[in-house]
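To start, the structure under review is shown below, and the notes come after it.
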Amino acid sequence: MCANIIWGLGHLGSWAFIATRQTTVLLSQMALTVAIRSHPLMFLFGLAAVSLLVLMFVPPIPQSQIYHGFADQRTLFGIPNFWNVASNLPFVFIGAAGLWQIRVHFSARIFFLGVFLTGFSSSYYHWNPDDTGLFWDRLPMSIAFMAILANVIEERIDDRAGRMLLWPLVLLGIASLLWWRQTDDLRLYSWVQFFPCVVLPLIFWLLPPKHGSDGYWIAAAGWYLLAKALEFTDAVIFSAGHVMAGHALKHLAAAAACYAILRAFQTRRPLA
Ligand SMILES: [Zn+2]
531 MCANIIWGLG HLGSWAFIAT RQTTVLLSQM ALTVAIRSHP LMFLFGLAAV
581 SLLVLMFVPP IPQSQIYHGF ADQRTLFGIP NFWNVASNLP FVFIGAAGLW
631 QIRVHFSARI FFLGVFLTGF SSSYYHWNPD DTGLFWDRLP MSIAFMAILA
681 NVIEERIDDR AGRMLLWPLV LLGIASLLWW RQTDDLRLYS WVQFFPCVVL
731 PLIFWLLPPK HGSDGYWIAA AGWYLLAKAL EFTDAVIFSA GHVMAGHALK
781 HLAAAAACYA ILRAFQTRRP LA
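Numbering (our numbering), first residue to last: 531 to 802.
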C-alpha cells in the first residue's frame with residue numbers, strides 16, 4: 531500500500547516535471563513571440579548584427595573557378611550549354627505573371643521583377659559561364675531574396691518596418707555582389723542568401739499568417755531545399771544516363787519555388 535502511494539507520488543512528480551517543462555517552453559516561446567511582435571526591428575537588427583559579426587571571423591570566401599565547369603555542356607540548336615540556358619525560361623513566365631497579377635505589395639513586385647530578370651541574366655551567364663556573367667546572374671536573385679524578406683516582414687511582423695526595410699535590404703544585396711567583384715570575397719553574398727533562410731522559417735514558425743494559409747510557403751521552402759540539393763549533385767545526376775544534369779533541374783526546382791510563392795500571393799485572402 532505504502533509502496534503504491536510512493537510509486538503514485540513519484541509518477542505524479544515526473545508528470546508534473548514534464549508539464550512544468552512544457553509550460554516553461556511554451557511560455558518562453560510566447561515571450562519570444564511577444565518580444566518579436568513588440569520589437570520587430572530590434573529582433574531583426576539584433577540577429578543581423580550577430581550574424582554579420584560572426585561573418586567577420588570567417589575567412590574570406592573566394593569564388594571558385596571550378597564552379598563554372600558544369601557537367602552538361604552540350605550544344606543544341608546552336609545554343610551552348612543548352613539545358614542550363616533553356617531551363618531558365620520558367621523564371622521569365624513566373625516573373626511576368628507575378629508582375630502582371632500581383633499588385634498588393636511593392637515588395638512583391640520587386641520580388642517578381644527579380645525572378646523575371648533572373649530568367650535572362652541566368653541564361654546570359656550559362657551561355658558562357660565566367661565571373662562577369664555570374665555577377666549578372668546573381669544580381670536579380672539577390673534582389674529577389676531581399677525583396678521577399680522585406681515582404682514577409684511586412685506581412686507577418688510590421689507593415690511599416692517591412693516597407694522601410696525594402697530598399698536598404700535590396701541595396702545590401704547589390705552591395706554584397708559589388709563587394710565580391712571588388713575583393714573576390716563572397717562572405718557578404720553568402721550572408722544575403724543565408725540570412726533569409728534562417729529568418730524566414732523563424733518568422734513563419736513564430737508568427738501566425740494574416741492572409742491565407744502557409745501551405746504554398748512551405749511548398750516553396752521544400753522546392754528551394756530540393757534546388758540546393760540538385761545544385762550540389764550536378765555531375766552525379768548527369769552521369770546517370772546523360773539526359774539532364776543537376777544544375778538544369780536546380781533551375782526548374784527554384785522556378786517551382788517561385789511558382790509556389792506566386793500561388794501564395796494569388797490565393798492571398800485576409801483571414802477572419
Ligand atoms: Zn544556374
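Glycine residues also receive a C-beta, built at the ideal position from the N, C-alpha and C atoms.
Selected residue, minimal CA-CA separation from Phe675, among Phe725, Ala627, Asp660: The residue among Phe725, Ala627, Asp660 with its C-alpha nearest the C-alpha of Phe675 is Phe725.
Nearest to Ser653 by alpha carbon, out of Ser617, Phe636, Asp744? The residue with the shortest Cα to Cα distance from Ser653 is Ser617.
Is Ser652 near ligand 1, with its Cβ less than 7 Å from a heavy atom? Yes, since a heavy atom of ligand 1 falls inside the 7 Å radius drawn around the Cβ of Ser652.
Please classify Met586 as buried or exposed, where buried requires at least 16 other C-beta atoms within 10 Å of its C-beta. exposed
Between His777 and ligand 1, is the CB less than 7 Å from at least one heavy atom? Of the heavy atoms belonging to ligand 1, at least one sits nearer than 7 Å to the Cβ of His777.
Which residue from Ala778, Lys740, Ala783 puts its Cα closest to that of Leu755? Ala783
For Ile646, the nearest candidate out of Trp753, Ala626, Ile704 (CA to CA): For the sequence presented, residue 646 should be read as Phe rather than Ile. Looking at the Cα atoms, Ala626 is the closest of the given residues.
Near Leu718, what residues of its chain come up, given a Cβ to Cβ distance below 6 Å and the 5 sequence neighbours on each side ignored? Ser706, Trp709
Taking C-beta to C-beta, are Ala778 and Trp613 nearer than 8 Å? yes
By alpha-carbon positions, which one of Leu730, Val634, Leu699 ends up nearest to Pro670? Leu699
Just to confirm, is the Cβ distance from Phe575 to Ala565 under 8 Å? no
Check this for me: beta carbons of Ile591 and Leu702, under 8 Å apart or not? no
Quick check: is the beta carbon of Leu699 nearer than 8 Å to any beta carbon in chain D? The chain inventory of the structure shown lacks chain D, comprising one protein chain alone.
Do you know offhand how far Met774's Cα is from Trp753's? 18 Å
So what's Leu716 in DSSP terms, helix, strand or just coil? coil
What's the call for Ala635, buried or exposed, on a 16-neighbour Cβ count within 10 Å? In the sequence on display, residue 635 carries His and not Ala. Label assigned to His635: buried.
Candidates Tyr655, Leu737, Ile673, Arg604, of which the one nearest Ser637 by Cα: Ile673
Identify every residue that forms a DSSP beta bridge with Leu606. Ile609
Return helix, strand or coil for His777, following the three-state DSSP convention. Collapsing the DSSP output to three states places His777 in a helix.
Closer than 7 Å: His781 CB and nearest ligand 1 heavy atom: yes
Can you tell me whether DSSP reads His741 as helix, strand or coil? strand
Please determine whether the Cβ atom of Asn611 lies at a distance below 7 Å from any heavy atom of ligand 1. no
Assign Ile767 to one of three DSSP states: helix, strand, or coil. helix
Which value, in whole angstroms, describes the spacing of the CA atoms of Gln595 and Leu736? Between Gln595 and Leu736, the C-alpha separation is close to 40 Å.
Determine the direct distance from the alpha carbon of Trp657 to that of Ile609, and round the result to whole angstroms. 7 Å
State buried or exposed for Leu583, treating a residue as buried only when at least 16 other CB atoms are found within 10 Å of its CB. Per the 10 Å Cβ criterion, exposed.
I need the straight-line Cα distance from Leu643 to Leu695, nearest angstrom please. C-alpha of Leu643 to C-alpha of Leu695: approximately 18 Å in a straight line.
Tell me where the alpha helix (DSSP H) around Pro620 begins and ends. 619-631
Relative to the alpha-carbon of Arg604, which residue among His772, Leu760, Arg690 has its alpha-carbon at the smallest distance? His772
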